[in-house]
Every structure is written in structure tokens, then in C-alpha cells.
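Presented below is the structure to which this report refers.
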Amino acid sequence: MSDKGKTSVDNKRIEKAVREILLAVGEDAEREGLKETPERVARMYAELLAGMQEDPKKHLRSVFSENYDEIVLLRDIPFYSICEHHLMPFIGSAHVAYLPSGAILGVSKLARIVDCFARRLQAQERLTYQIADFIMNNLKTQGVAVVLEASHSCMTIRGIKKPGSVMVTSAVRGIFKRDPKTRNEVMSLLHK
Ligand SMILES: [Zn+2]
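All letters in the sequence shown, in the order written, are residues 1 to 192 by this note's numbering.
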């Protein structure tokens with residue numbers, strides 16, 4: 001899927017599929033509590049996967065020229081994504097840092113970029129490097145570091161059932177990758 005992802009969610013198709021699931025688990029899909037469920041689930045997926053139709057570049061409109069050349073960091077950005085292996089949510093916090101090179105980004109835009117990539121069918125590892133690569137490739141910057149911490153419901157409530165376990169992934173680009181001293185500095189800021 002490209003960043004410009006043109007996919008649009010076909011709600012009717014989801015409704016049909018959800019109805020099939022209800023029947024497959026032995027439910028009466030017509031009973032009161034379930035009658036509207038396929039429609040609700042379709043709307044829910046359209047919302048949770050809205051990032052597939054969004055171009056993250058639109059969040060780069062508020063880029064300001066600035067000679068600030070120290071680390072800019074936004075920590076504890078809450079995010080919600082859907083694990084592509086189980087279609088179950090994984091929920092956590094993103095911490096994003098960059099070292100500007102003549103331009104800074106409106107601070108809320110970092111959070112919007114995280115959202116745009118999170119609202120897709122994802123693997124946490126890929127989500128992490130997509131955010132890092134997007135900022136690295138589209139904002140004038142010397143380096144980018146992204147750390148994601150998330151709890152996967154496919155692991156906490158099913159499978160090996162380990163509530164409280166948190167998966168941590170990180171991606172570093174540019175100077176944070178090349179220079180161990182700068183990387184240590186940003187990592188100590190990103191990890192509380
Ligand atoms: Zn999963």
C-alpha cells in the first residue's frame with residue numbers, strides 16, 4: 001500500500017461478511033441485539049482504517065523555517081491500530097523525535113502523522129518504520145527516532161494470554177543511526 005493509498009472501505013461488503021461470521025458462530029443474525037451489528041461493525045472498520053485513504057503529506061502544510069537545531073520530541077502520543085494478523089486492536093503510545101535542519105513541524109502534526117499510519121491494518125514493526133521514514137523523507141531533518149510501546153489484544157486476551165505485556169519497537173534514521181552519541185541522547189529522552 002502506498003502512502004497515498006486509494007483504497008476505500010466497502011461497507012456493504014463488510015456487512016455481508018460480519019453477517020456470515022454471526023451465522024458461522026451459530027447466532028441468529030436477525031435477533032434484536034445483532035440486527036444492526038453488521039452495519040455498526042462496517043462503520044467501525046471504516047473509522048479505524050481511515051488512514052488508508054489519507055495522504056500523510058497533508059500534515060506537512062504547517063512546516064516553519066526555523067534555525068533551531070536541537071532535538072524536538074513529542075512523547076506519549078496515544079495511538080490505536082489494528083493488527084493485520086488477527087484484526088484485533090493494539091493500543092499504545094508513540095514517542096517521536098527529530099533533529100531539525102532548517103524547518104520545524106507544527107507540534108500537533110507529529111500526532112496526526114502517527115494517527116494516519118496507525119489507522120490501517122498494521123504490524124507494529126512496520127508502523128514504526130513508516131512513521132520514521134515518512135518524516136525523514138518529507139521534512140528537512142538531520143535525523144528521526146520513533147519508539148512505539150503497545151499492548152496487543154491478540155496476545156493479552158487470546159493465544160498465550162499475557163495481559164500487561166508491552167511490545168516496544170524503535171526505528172532510527174539519519175544522524176541518530178550514524179552517530180551513537182546522538183542516538184544515546186535521543187533514546188534516553190524517548191525512554192522515560
Ligand atoms: Zn495479532
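Here a beta-carbon is modelled for each residue, glycine too, at the ideal position from N, C-alpha and C.
Where do the ends of the alpha helix (DSSP H) carrying residue i lie?
i: ARG173; result: That residue, ARG173, is in no alpha helix (DSSP H); its beta strand (DSSP E) goes 167–174.
i: ALA111; result: 107–118
i: SER101; result: From DSSP, SER101 is part of no alpha helix (DSSP H); its letter is neither H nor E.
i: LEU87; result: From DSSP, LEU87 is part of no alpha helix (DSSP H); its letter is neither H nor E.
i: ALA17; result: 11–24
i: PRO180; result: 180–190
i: GLY33; result: 32–35
Buried or exposed for residue i, please, with buried defined as at least 16 other CB atoms from any protein chain shown within 10 angstroms of its CB.
i: LYS162; result: exposed
i: HIS152; result: buried
i: ASP10; result: exposed
i: PHE79; result: buried
i: HIS85; result: exposed
i: ASP28; result: exposed
i: ASP69; result: exposed
i: PRO180; result: exposed
i: ILE175; result: buried
i: LYS4; result: Unreliable placement is indicated for LYS4, whose pLDDT of 43 sits below 50; no coordinate value is reported for it.
Using a threshold of 7 Å, state whether the C-beta atoms of residue i and residue j are closer than that.
i: LEU139; j: LEU105; result: yes
i: ARG173; j: ALA132; result: yes
i: GLN122; j: THR169; result: no
i: VAL136; j: VAL144; result: Reading off the sequence, residue 136 comes out as Met, not Val. It is a contact, given that the beta carbons lie within the stated cut-off.
i: ALA50; j: ARG119; result: yes
i: SER101; j: GLN142; result: yes
i: ILE77; j: VAL186; result: no
i: LYS109; j: SER65; result: no
i: TYR45; j: ILE21; result: no
i: LEU127; j: PHE117; result: yes
i: TYR129; j: ALA171; result: yes
Grab me the residues of residue i's own chain with a C-beta within less than 6 Å of its C-beta, minus the 5 sequence neighbours each way, in chain order.
i: GLU149; result: GLY92, SER93, VAL166, VAL168
i: HIS95; result: ARG75, VAL147, LEU190
i: PHE90; result: SER81, CYS83, ALA150, HIS152
i: HIS59; result: LYS109, ARG112, ILE113
i: LEU73; result: ALA97, LEU189
Can you list, in chain order, the residues of its chain with a C-beta nearer than 8 Å to that of residue i? Leave out the 5 residues immediately preceding and following it.
i: LYS12; result: ALA42
i: LEU87; result: LEU121
i: LEU34; result: LEU22, GLU27, ASP28
If I measure Cβ to Cβ from residue i and keep anything under 7 Å in the same chain, skipping five residues before and after, which residues do I get?
i: ARG19; result: ALA29, PRO38
Threshold first: 3 residues or longer. Then list the beta strand (DSSP E) segments lying entirely within the region 44–71, N to C.
63–65
Could I get the ranges of all uninterrupted alpha helix (DSSP H) runs contained in the region 121–161, with 4 residues as the minimum, in chain order?
124–138, 153–156
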